[in-house]
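*Asks:*
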Amino acid sequence: MIDAVERPSSAPRAEALVDLAAVRHNVTVLRAAAPKSALMAVVKADGYGHGAVPVAEAALAAGASWLGVCTLEEAAELRAAGITAPVLSWLHLPDDDFTDAVATDVDLSVASRAHLAAVTAAARRAGRPARVHLKADTGMSRGGAQPAEWPILLDDAEKAVADGQVEVVAVWSHLANADVPGHPTVDAQAARLTEAWEAARRRGFTPIRHLANAAATLTRPDVHFDLVRPGIAVYGLDPLGRPPAESALRPAMTLRGRVALVKRVPAGEGVSYGHEWTTQRDTTLALVPVGYADGVPRRLSGRLRVLLGGVLRPVVGRVSMDQVVVDCEDGVGVREGDTAVFFGPGDDGEPTAQEWADELGTIHYEIVTGVHSRRVTRTHAGVAG
Ligand SMILES: *Cc1c(COP(=O)(O)O)cnc(C)c1O
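Sequence positions in the sequence shown follow the working numbering and run -14 to 370.
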């Protein structure tokens, strides 16, 4: 992925246009939904495919005070960009080297004795205490320490704190079903988190408590606690799957490509691999050099439309690795070099990532994180200042 801030004189062949004004707007919406809690903008997976550093900067400008990432490499990228805000990194191997993370003030999630030992070893090497967030498994059975392990983890943490190697910053967990309104496991997970947090407090720690993802940030003020951790909503995609028109959020990403070739094709010709579509009449076909390697799922073959020349037009035949073919009928208003919009906020009638996800039986998270090809130029618009 090439990141570009200024638009080159000729627009790129394939482009993910990211609207940072939308990111700032979305963070403002999320802040208003959780006014009493700090806000951690989650920028893992290269900012859900939107570019971690520019999104982080936009989110911080709009009132986020923390950043959340999955890996040490993702945390290091933020620090290398000069971002000094608190960063939490949460998915590690016990043999990861945490030294640079501790040295650069990256907060680390810890969910086992082995991970805590690795972090304290790194703290010794870095010559300063590591800031840890103890993660409790409150009922997702993914990351986090099981309740039976919690007292042992707290024992180790107490020793590490006494040795000056660790600061217990937080006790935290992650919700399994926050996107389903009224789901009973939200309450159960919140109660278990509070038990784990109270147990830590009885050891003399004074950790903050955090649990809420984007869905809970928008719908469950009772579990906001000290800090909320929205991801998907920062990018303007509704965590409950509501269409953009029904949401205060603004989708930030537009995926588009430029027409490489326009030609007339007679009736009766097969189009693309497998000839799954045949011209019914003489028609104009436009070739757009964006394919499944660029984030257009092949499974959308036969079900995809793009906005081209102000009209929604069908993509015909199979989506190839590198390109798609658009049926433009009489071809009026379509020229080589024109821009075809694959998905965007929907304002001009273009499809949305939500619609793609619905069509595929998946979630929009998978659509936007799927746009990560080095062939797609990522352009950031709405840069503040
Ligand atoms: C990805 C992630 C989030 C953000 O989730 P969204 O559903 O995108 O809001 C929050 N916390 C953790 C631990 C995550 O892994």
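Even glycine gets a Cβ: it sits at the ideal position worked out from N, Cα and C.
Please name the residue or residues paired with R290 in a DSSP beta bridge.
*Replies:* Answer by DSSP bridge pairing, in chain order: P299.
*Asks:* Could you compute how far the alpha carbon of A173 sits from the alpha carbon of T123?
*Replies:* Roughly 8 Å separates the two Cα atoms.
*Asks:* Closest Cβ-Cβ distance between G253 and chain D: below 8 Å?
*Replies:* The chain inventory of the structure shown lacks chain D, comprising one protein chain alone.
*Asks:* May I have a chain-ordered list of the beta strand (DSSP E) segments no shorter than 3 residues that lie completely inside the segment 87 to 117?
*Replies:* Those beta strand (DSSP E) runs which fall completely within the segment 87 to 117 and span 3+ residues are 91 to 95.
*Asks:* Which one of T268, G302, Y33 and R(-2) has the shortest CA to CA distance from H349?
*Replies:* Nearest of T268, G302, Y33 and R(-2) to H349, Cα basis: Y33.
*Asks:* What's the call for K248, buried or exposed, on a 16-neighbour Cβ count within 10 Å?
*Replies:* Exposed is the call here.
*Asks:* What first and last residue would you give for the beta strand (DSSP E) that runs through D4?
*Replies:* Its beta strand (DSSP E) spans residues A(-1) to D4.
*Asks:* Is P236 near ligand 1, with its Cβ less than 7 Å from a heavy atom?
*Replies:* Flag unset: Cβ of P236 not near ligand 1.
*Asks:* Tell me, which residues are paired with I68 by DSSP?
*Replies:* According to DSSP, which records beta bridges pairwise, I68 is partnered with nothing at all.
*Asks:* Going by C-alpha distance, which of Q339, G302 and A17 is nearest G259?
*Replies:* The candidate whose alpha carbon is nearest that of G259 is G302.
*Asks:* Which term fits L246, buried or exposed, when burial requires 16 or more other beta carbons within 10 angstroms of its beta carbon?
*Replies:* Answer is exposed; the Cβ neighbour count stays below 16.
*Asks:* In chain order, what are the residues with a CB under 5 Å from some non-hydrogen atom of ligand 1?
*Replies:* Counting every residue whose Cβ lies closer than 5 Å to a heavy atom of ligand 1, we get V27, H159, N198, A199, R214, P215, G216 and I217.
*Asks:* Is the segment 128 to 142 close to the segment 160 to 176, with three or more CB pairs under 8 Å?
*Replies:* With a cut-off of 8 Å, the segment 160 to 176 and the segment 128 to 142 do not count as touching, because too few Cβ pairs lie within range.
*Asks:* Could you check whether G318 and P274 sit closer than 8 Å to each other, using their CB atoms as the reference points?
*Replies:* No, the pair does not count as a contact, with Cβ atoms beyond the cut-off.
*Asks:* Indicate the three-state DSSP secondary structure (helix, strand or coil) for E134 in the structure shown.
*Replies:* Helix, per DSSP.
*Asks:* With a floor of 4 residues, list each alpha helix (DSSP H) that falls wholly inside the segment 304 to 360, ordered by position along the chain.
*Replies:* As far as the segment 304 to 360 is concerned, its whole alpha helix (DSSP H) runs of at least 4 residues are 338 to 345 and 349 to 354.
*Asks:* Helix or strand or just coil, what does DSSP make of L15?
*Replies:* Of the three classes helix, strand and coil, the one that applies to L15 here is helix, per DSSP.
*Asks:* Between the C-alpha atoms of L119 and E314, what's the straight-line distance to the nearest angstrom?
*Replies:* Cα to Cα, L119 sits roughly 60 Å from E314.
*Asks:* Please return the same chain residues whose Cβ sits closer than 8 Å to the Cβ of G128, not counting the five positions on each side in sequence.
*Replies:* For G128, where only same-chain residues beyond five positions count, the Cβ hits under 8 Å are W75, L76, S94, A96, K120, D122 and H159.
*Asks:* Would you list the one or two residues that DSSP bridges to G242?
*Replies:* Paired residues: A(-1) and A325.
*Asks:* What is the rounded straight-line gap between the Cα of A49 and the Cα of A369?
*Replies:* Each residue's alpha carbon lies about 15 Å from the other.
*Asks:* Here's the rule I'm using: 16 or more other beta-carbon atoms within 10 Å means buried, otherwise exposed. How should E59 be labelled?
*Replies:* The residue is buried, with at least 16 neighbouring Cβ atoms inside 10 Å.
*Asks:* Nearest-angstrom Cα distance between V117 and V361?
*Replies:* Approximately 37 Å between the Cα atoms of the pair.
*Asks:* Determine which residues share a DSSP beta bridge with M25 and list them.
*Replies:* DSSP output for M25 lists W51 as bridge partner(s).
*Asks:* Which one or two residues does DSSP pair with I217 in a beta bridge?
*Replies:* Looking at the DSSP assignment, I217 forms no beta bridge with any residue, so it has no partner.
*Asks:* Let me check you understand the geometry: is the CB of V309 closer than 7 Å to at least one non-hydrogen atom of ligand 3?
*Replies:* The model depicted lacks ligand 3 and carries ligand 1 instead.
*Asks:* If we ignore side chains and look at the alpha-carbon of each, how far apart do P(-3) and R283 end up?
*Replies:* For P(-3) and R283, the distance between alpha carbons rounds to 22 Å.
*Asks:* When you compare each of M125, D332 and G253 to P228 by their alpha carbons, which one comes out closest?
*Replies:* Per the Cα distances, D332.
*Asks:* Pull up the CB-CB distance for V92 and P71, whole angstroms please, since I reckon it's below 8 Å.
*Replies:* Val is not the amino acid found at residue 92; the sequence shown has Asp there. 6 Å between Cβ atoms; contact.
*Asks:* Measuring only the C-alpha atoms, how far is D81 from A107?
*Replies:* Roughly 10 Å separates the two Cα atoms.
*Asks:* Does the segment 217 to 233 touch the segment 297 to 311, meaning 3 or more C-beta pairs lie closer than 8 Å?
*Replies:* Segments in contact, no.
*Asks:* DSSP three-state label for R205, please.
*Replies:* Residue state, collapsed to three classes: coil.
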